[in-house]
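Numbering (UniProt numbering), first residue to last: 1 to 516.
Note that the Cβ used here is the ideal one computed from N, Cα and C, for glycine as well.
Taking it in order: structure first as structure tokens, then the write-up.
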């Protein structure tokens, strides 16, 4: 069938329901489920079901939960779903660094299998051999992908994995009797802020390296700060700019010469699968976000897994237990001599582990390499197109980037006064979105794009067409941008409130106190 060629932008218009918060839908007496009273015979056998509990576990009053019928709940969440943008809904290449790829729906069926949903983390290990085999097998796969010697899937976010790595670093130096001396962690300005934040929580002094003229961490700056006080060096490579540092082994070698530990933020390893590994780069630890590179969903802040791997020397410091196999039975090993202890309850997010295991098994080694190569190809195609847009640029060294790029509208802002936040709002009128950067901005007027392997050339062209249109408007029809978004759920918000903790209402209770 001949394809109809579009010659105009997509006519997008999002739903706007002005939907109340679910607590505001409360009507006393409404019920979603009618629960029958217990038979007299059951009451006689077990009593009232409450008196056996310790008094401190019994509520004095019923929880203040909204009372709502099923139909109203269904409408509420369907309406909210129509007021969002996301990777299942639009060309979601604008959430750079987050690797918003397609999540195979067949894997969602796996985690909803009754045999998976019925598991409990406190079951005896002899009754959960299937999921333990998957944990063990995924551990082996991660070892191959990274070159490291042991993985744990207990951390339930990238930040939690970074915190665990900072804890292992500290425990290692304590074991050697050097913890008091080694009180500094070195990181870089383009790495994720959680690297510095988690190390700071452990009490470390943070030393931040800034980029050289090519946008890479400055080797000469590292030489100036590394010393016998250095506990560790933590970095992403490539960093958020998408620039890969080919000298990374020189960095890790230098830190090792001074007795430090090197740990690698590989939350996003989408451009490296089958191409480069943590081991050959000289790292002692790394982590992968299964909810990025390995095709588990981000959801709304979870569920997530920061798969944490270490070299042999650091295995005794891992949070336990680890899953081991003796040739016949899978079992938990709680006997880790210098373990930092748990970083969360139980064994991590089993559903995320299963999704990623299934994704890797479906692709195989050749498929993982194809993922990386396609992601890099898509990114560099997009890169070549965006550099042709008036007012757009990509700071630092020119040439190929890896899996993402941090671009800049600096010239467009100088020419027109239109900022990256203005462009961001206008993108919503085309059913698209982009993320700017971590704060504070290092690249002026930034926007960060990552197309992953999931998007076609047509998808990328559609995204570029929207950016081209907005660039033209900035120079020729600014009001179209300044009035935006016109076709999205929310027109504009007062962004300054995001920086005012006194205005934050994280819970319904705080909202009632502050806003009512």
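- Under the three-state reduction of DSSP, residue 41 is assigned to helix.
- Counting C-beta pairs with one atom in each stretch, the region 373-393 and the region 443-457 have three or more that are closer than 8 Å, which means they touch.
- Straight-line measurement puts the Cα of residue 232 at about 29 Å from the Cα of residue 136.
- Counting only the Cα atoms, residue 20 lies some 17 Å from residue 488.
- When DSSP states are grouped into helix, strand and coil, residue 98 belongs to the coil group.
- When the alpha-carbon of residue 33 is set against those of 57, 67, 59, the nearest one is in 67.
- According to the DSSP assignment, residue 263 belongs to the beta strand (DSSP E) that extends over 261-266.
- A residue is called buried once 16 or more other Cβ atoms fall within 10 Å of its Cβ, and residue 407 is buried on that count.
- Relative to the Cα of residue 347, the nearest Cα in the group 477, 307, 108, 9 belongs to 307.
- Annotation for residue 455: no beta strand (DSSP E) segment contains it, and DSSP assigns it neither H nor E.
- As the crow flies, the alpha-carbon of residue 506 is around 43 Å from that of residue 176.
- Shown here for residue 241: same chain residues with a beta carbon closer than 6 Å to its own, the five before and five after excluded, namely 190, 215, 406 in chain order.
- A Cβ-Cβ contact shorter than 8 Å links residue 486 with residue 429.
- Put simply, the backbone Cα of residue 26 is about 17 Å away from that of residue 61.
- Residue 315 is not a Cβ neighbour of residue 141, given a cutoff of 8 Å.
- Following the DSSP letters along the chain, one finds residue 514 inside the alpha helix (DSSP H) bounded by residues 508-514.
- Counting along the chain, residue 152 sits inside the beta strand (DSSP E) bounded by residues 150-152.
- Your pair residue 277 and residue 230 does not check out as a contact, with CB atoms roughly 24 Å apart and the cut at 8 Å.
- In the three-state reduction of the DSSP assignment, residue 303 falls in the coil class, being assigned neither a helical nor a strand state.
- The criterion of a C-beta distance shorter than 8 Å is not satisfied by residue 331 and residue 133.
- Under the three-state reduction of DSSP output, residue 367 falls in the helix class.
- Taking a cut-off of 8 Å on C-beta distances, the region 149-167 does not touch the region 206-215, as fewer than three cross pairs fall below it.
- Excluding residues up to 5 positions away in sequence, 193 lie with their Cβ nearer than 6 Å to the Cβ of residue 438 in the same chain.
- A distance of 8 Å or more separates the beta carbons of residue 93 and residue 273.
- Under the three-state reduction of DSSP, residue 408 is assigned to strand.
- Between the region 281-294 and the region 257-270, the count of Cβ pairs shorter than 8 Å is three or higher; the stretches touch.
- Ranked by Cα distance from residue 337, the first of 326, 318, 349, 352 is 318.
- Under the three-state reduction of DSSP, residue 505 is assigned to coil, being neither helix nor strand.
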